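Worksheet for the structure shown next.
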Amino acid sequence: FETHFHADFISGHLTLANKTGAKIVYGPQADPNFESIIAEDNQVFKIGAVTITAIHTPGHTLESTSYILKDENGKEYCIFTGDTLFLGDVGIPDVAQRYMGVSKEELAGILYESVNNRIKPLPDNILVYPGHGAGSACGKNMMKETVDTLGNQKRMNYALRADMTREEFIQEVTDGLAPPPAYFPMNVAMNRDGYENLDRVIAKGSRALSPAEFEAAANETEAVILDTRHQSNFIEGFIPQSIFIGIDDAFAPWVGALIKDVKQPILLVAEAGRVEEVITRMSRVGFDNTIGYLEGGFEAWKADNREVDSLRSIPANEFEQEVTENKLPVFDMRKKGEWDSSHLTDATHVCLSGINEHLAEFPKDKNFYVHCAGGYRSVIAASILKMRGYHNLTDVAGGYDAIQTTHLPKTEEVCPSTLK
Numbered sequence: 114f115e116t117h118f119h120a121d122f123i124s125g126h127l128t129l130a131n132k133t134g135a136k137i138v139y140g141p142q143a144d145p146n147f148e149s150i151i152a153e154d155n156q157v158f159k160i161g162a163v164t165i166t167a168i169h170t171p172g173h174t175l176e177s178t179s180y181i182l183k184d185e186n187g188k189e190y191c192i193f194t195g196d197t198l199f200l201g202d203v204g205i206p207d208v209a210q211r212y213m214g215v216s217k218e219e220l221a222g223i224l225y226e227s228v229n230n231r232i233k234p235l236p237d238n239i240l241v242y243p244g245h246g247a248g249s250a251c252g253k254n255m256m257k258e259t260v261d262t263l264g265n266q267k268r269m270n271y272a273l274r275a276d277m278t279r280e281e282f283i284q285e286v287t288d289g290l291a292p293p294p295a296y297f298p299m300n301v302a303m304n305r306d307g308y309e310n311l312d313r314v315i316a317k318g319s320r321a322l323s324p325a326e327f328e329a330a331a332n333e334t335e336a337v338i339l340d341t342r343h344q345s346n347f348i349e350g351f352i353p354q355s356i357f358i359g360i361d362d363a364f365a366p367w368v369g370a371l372i373k374d375v376k377q378p379i380l381l382v383a384e385a386g387r388v389e390e391v392i393t394r395m396s397r398v399g400f401d402n403t404i405g406y407l408e409g410g411f412e413a414w415k416a417d418n419r420e421v422d423s424l425r426s427i428p429a430n431e432f433e434q435e436v437t438e439n440k441l442p443v444f445d446m447r448k449k450g451e452w453d454s455s456h457l458t459d460a461t462h463v464c465l466s467g468i469n470e471h472l473a474e475f476p477k478d479k480n481f482y483v484h485c486a487g488g489y490r491s492v493i494a495a496s497i498l499k500m501r502g503y504h505n506l507t508d509v510a511g512g513y514d515a516i517q518t519t520h521l522p523k524t525e526e527v528c529p530s531t532l533k
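Numbering-wise (the numbering used here), the sequence shown opens with residue 114 and increments by one.
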């Protein structure tokens, strides 16, 4: 049962259907380019002693559909809301599907009708299972919990307020929406039209390359060299012109946000035994064109006496001393909400997701510092800047979490929940 054509990941529906023989079900207005069942609004599917009812709940996308599960006694037990209703939030009008000629305001208005006419009238004790939790780009203020009662959500979710007007809802839902990552529309198309078999993707990407073969492949294909080791290892040494995005953090979303084309050839530098994991996680956001990996990892490259680069990274106390003495520029790579809650008074904000569009803001004629919240995103930023020819930079280890322990002047801290 698919709630909609997802933008932020490849849902694996074709793979699951091929392996199990199960039918793929979408709701009204879906137009997949493969065999599937297009459910009518209120169509009931009987599975053993239980039933699943498809209810059309457009707004996040035009084909968005929720599914109500009734138990063997006919009681409405739970609802799978997809990206229509989250815990603490609702799905934003899908920025990846606005090419269809429907504005975000129109989608938000449709979403208001879906939430109020199809979901709110359900029993308060029905369980809500949303499609995402905290951290997803498909909403703005999601809770980390994965299930709640509808009644509790009516009390705490701003979008379910009894006195919320249609106009207020549209304003709340559309306020401050960021542009989508470039891979979102591509993922929608792949989920609608089909995608490459994962086994073939893994086989193609699992080609072990010697340092000489790796370098030749990079030159011949103009591949992106993606280093997925921990940032502490990357800082000490890496292949020149490589990009760091570590596998142990928000790996796949940052790959999607920063590598603009899902068809871009990619060569991997990965930890031993983790190549297949990296390829699999990239494929889940549509990046199926890994063409090989460095056999023996970075150590093999270094042992072959090939050129290496490194990144200067200093702890917060050294940063405090240096920036107090030299007054050099500081760039904060966090998200806008993090910046708004508190930041160094003399810093400049450049969100990591927009770094390629803001390169001109970084100086090439003087040294500067970059930091994020904890030290992961700033190393991603530093790797991109170095690839673009900015070698006069220093990373602040531990990010703003560590900077807060210093005496450097900062803006007064504001609780994120009070920010618009």
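Glycine included, each C-beta is placed from N, C-alpha and C at the ideal position.
Predicted, not measured: the structure shown is a model, and the values here were computed from it.
(message) Using 8 Å as the threshold, is the C-beta distance between Tyr-406 and Ala-321 below it?
(response) Against a cut-off of 8 Å, the Cβ pair of Ala-321 and Tyr-406 comes out as a contact.
(request) Check each candidate in Pro-243, Tyr-503, Gly-264 and Cys-485 and name the one with the smallest Cα separation from Gly-512. (result) The shortest C-alpha to C-alpha distance from Gly-512 to any of Pro-243, Tyr-503, Gly-264 and Cys-485 is the one to Cys-485.
(request) Please determine, among Asp-445, Pro-442, Asn-186 and Gln-266, the residue with the shortest C-alpha to C-alpha distance to Gly-161. (result) The residue with the shortest Cα to Cα distance from Gly-161 is Asn-186.
(message) Please report the straight-line C-alpha distance between Ile-123 and Leu-311, rounded to a whole angstrom.
(response) Approximately 11 Å, taken between the alpha carbons.
(request) Determine the burial state of Lys-499: buried for a count of at least 16 other Cβ atoms within 10 Å of its Cβ, exposed for fewer. (result) Here Lys-499 is buried. Its C-beta has 16 or more other C-beta atoms within 10 Å.
(request) Would you mind sorting Phe-357 into buried or exposed? The rule is 16 or more other CB atoms within 10 Å of its CB. (result) Buried: at least 16 other Cβ atoms inside 10 Å.
(request) Compare the C-alpha of Glu-541 against each of Phe-199, Arg-394, Glu-226 and Gly-244 and name the closest. (result) The structure shown has nothing for residue 541, since the chain only spans 114 to 533.
(request) Look at the alpha carbon of Ile-168 and the alpha carbon of Ser-396, and state the distance between them as a whole number of angstroms. (result) C-alpha of Ile-168 to C-alpha of Ser-396: approximately 30 Å in a straight line.
(request) Kindly indicate which three-state DSSP category Tyr-503 falls into: helix, strand or coil? (result) It is coil, neither helix nor strand.
(request) Per DSSP, which residues does Leu-380 bridge with? Please list them. (result) In DSSP, Leu-380 forms a bridge with Ile-338 and Gly-405.
(message) In this structure, how does DSSP classify Leu-371 when only helix, strand and coil are distinguished?
(response) Helix.
(request) Using three-state DSSP, classify Pro-324 as helix, strand or coil. (result) Three-state result, Pro-324: helix.
(message) Less than 8 Å between C-beta atoms, sequence neighbours within five positions excluded: which residues of the same chain meet that for Asp-261?
(response) Same-chain partners within the cutoff: Leu-200, Leu-240 and Val-241.
(request) Look at the alpha carbon of Val-228 and the alpha carbon of Thr-197, and state the distance between them as a whole number of angstroms. (result) One C-alpha to the other measures close to 8 Å.
(message) To the nearest angstrom, how far is the alpha carbon of Gln-517 from that of Ile-427?
(response) Rounded to the nearest whole angstrom, the C-alpha separation of Gln-517 and Ile-427 is 15 Å.
(request) To the nearest angstrom, report how far apart Ala-515 and Arg-387 are at their CA atoms. (result) Taking the straight line from one Cα to the other gives about 30 Å.
(message) Going by the DSSP bridge assignment, what does Gly-195 pair with across the sheet?
(response) According to DSSP, residue pairing for Gly-195 in a beta bridge involves Pro-243.
(request) Quickly, what does DSSP pair Thr-178 with across the bridge? List them, please. (result) DSSP output for Thr-178 lists His-169 as bridge partner(s).
(message) So for Ile-462, helix, strand or coil by DSSP?
(response) Before going further, note that residue 462 is His rather than Ile in the sequence given. Of the three classes helix, strand and coil, the one that applies to His-462 here is strand, per DSSP.
(message) Counting C-beta neighbours from all protein chains within 10 Å, is the total for Ser-177 16 or more, i.e. buried, or is it exposed?
(response) Result: buried.
(message) In this structure, how does DSSP classify Thr-278 when only helix, strand and coil are distinguished?
(response) In the structure shown, Thr-278 sits in coil (DSSP, three-state: anything other than H, G, I, E or B).
(request) Have a look at Gln-156, Gly-125 and Arg-231 and flag the residue whose alpha-carbon is nearest the alpha-carbon of Pro-171. (result) Nearest Cα to Pro-171 within the set Gln-156, Gly-125 and Arg-231: Arg-231.
(request) Go ahead and pull the three-state DSSP assignment for Tyr-513. (result) The three-state secondary structure of Tyr-513, taken from DSSP, is helix.
(request) Mind the definition here: the region 409 to 421 touches the region 339 to 352 only if three or more C-beta pairs lie below 8 Å; say whether that holds. (result) Contact holds: three or more Cβ-Cβ distances are below 8 Å.
(message) In the DSSP output, which residue or residues are listed as bridge partners for Val-138?
(response) In DSSP, Val-138 forms a bridge with Ile-150.
(message) DSSP three-state label for Val-421, please.
(response) For Val-421, the three-state secondary structure derived from DSSP is coil.
(message) Nearest by alpha-carbon distance to Pro-294: which of Ser-216, Lys-373 and Arg-313 is it?
(response) Across the set Ser-216, Lys-373 and Arg-313, the C-alpha of Lys-373 shows the shortest separation from the C-alpha of Pro-294.
(request) Say whether the region 148 to 160 touches the region 187 to 195, bearing in mind that this needs 3 or more beta-carbon pairs closer than 8 Å, one atom from each stretch. (result) Three or more beta-carbon pairs separated by less than 8 Å are not found between the region 148 to 160 and the region 187 to 195, which leaves the two stretches without contact.
(request) Give the DSSP-derived three-state secondary structure of Phe-475 in the structure shown. (result) Looking at Phe-475 - three-state DSSP - the assignment turns out to be coil, as it is neither helix nor strand.
(request) Taking 8 Å as the cut-off, decide whether the C-beta atoms of Asp-144 and Phe-297 are in contact. (result) The answer is no: Cβ separation not under 8 Å.
(request) Can you give me the start and stop residues for the beta strand (DSSP E) that Asp-306 sits inside? (result) For Asp-306, no beta strand (DSSP E) encloses it; the enclosing alpha helix (DSSP H) starts and ends at 296 to 306.
(request) Count the other C-beta atoms from every protein chain shown that fall within 10 angstroms of the C-beta of Met-269, then say buried if there are 16 or more, exposed otherwise. (result) In summary, Met-269 is exposed, with fewer than 16 beta-carbon neighbours lying within 10 Å of its beta-carbon over all protein chains present.
(request) Could you spell out where the alpha helix (DSSP H) holding His-535 opens and where it closes? (result) Not covered by the structure: residue 535. The range shown for the chain is 114 to 533.
(message) Let me check understanding here. Comparing Cα to Cα, which of Gln-142, Asn-265, Asn-469 and Gly-214 lies closest to Asp-237?
(response) Taking Asp-237 as reference, the option from Gln-142, Asn-265, Asn-469 and Gly-214 with the minimal CA-CA separation is Asn-265.
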